[in-house]
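Step one of this worksheet: look at the structure below.
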């Protein structure tokens with residue numbers, strides 16, 4: 056449901072401001088396989104907004120997203136790759152963090 060709400064630009068900011076990003080990051084490591092897929096998808100949508108890229112990275116999402124690239128389901132891998140793509144867009148600090156997490 057949150058992933059669907061995050062498709063709306065206004066909601067992207069509202070969701071982040073409501074404090075949803077840290078619990079989403081937590082789901083990347085302790086959720087079920089389907090929860091990880093949905094969480095990566097929500098983060099993919101949220102990371103489209105420039106302000107959220109910083110918030111998502113500061114919440115520690117990059118290492119678990121990189122981990123999903125090798126340990127997740129095919130859907131989780133696709134969504135994690137998309138989230139990392141969005142996080143990297145025009146953000147040198149996130150690019151370094153993604154590289155340091157082993158994505159390259």
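Residue numbers (the working numbering): 56 to 159.
By construction, the Cβ of each residue, glycine as well, lies at the ideal position given by its N, Cα and C atoms.
inquiry  = Rounded to whole angstroms, what is the Cα-Cα separation between residue 159 and residue 87?
reply    = Approximately 26 Å, taken between the alpha carbons.
Quick one: using the 10 Å Cβ neighbour count with 16 as the cut-off for buried, is residue 96 buried or exposed?
With 16 or more other Cβ atoms from the protein chains shown falling within 10 Å of its own Cβ, residue 96 counts as buried.
| Among 124, 100, 131 and 132, which residue has its Cα nearest to the Cα of residue 142? | Put simply, of 124, 100, 131 and 132 the residue whose alpha carbon is nearest the alpha carbon of residue 142 is 100.
C-alpha distance - residue 108 paired with residue 102, whole-angstrom precision: When rounded, the distance between both Cα atoms is 5 Å.
Fill in: Cα-Cα separation between residue 145 and residue 60, rounded to whole angstroms
One C-alpha to the other measures close to 24 Å.
- Message: Using only the alpha-carbon positions, how far apart do residue 137 and residue 75 sit?
- Response: Across the structure, residue 137 and residue 75 are spaced so that their CA atoms are roughly 19 Å apart.
(Q) I'd like the span of the alpha helix (DSSP H) that includes residue 95, first residue to last. (A) First-last of the alpha helix (DSSP H) with residue 95: 88–101.
Residue burial classification, residue 92 (beta-carbon count within 10 angstroms, cutoff 16): Around the CB of residue 92, 16 or more other CB atoms lie within 10 Å, so the residue is classed as buried.
7 Å Cβ shell around residue 58 - same chain, five flanking residues per side excluded
Counting only Cβ-Cβ distances below 7 Å, and skipping sequence neighbours, we find 93, 96, 97 and 100.
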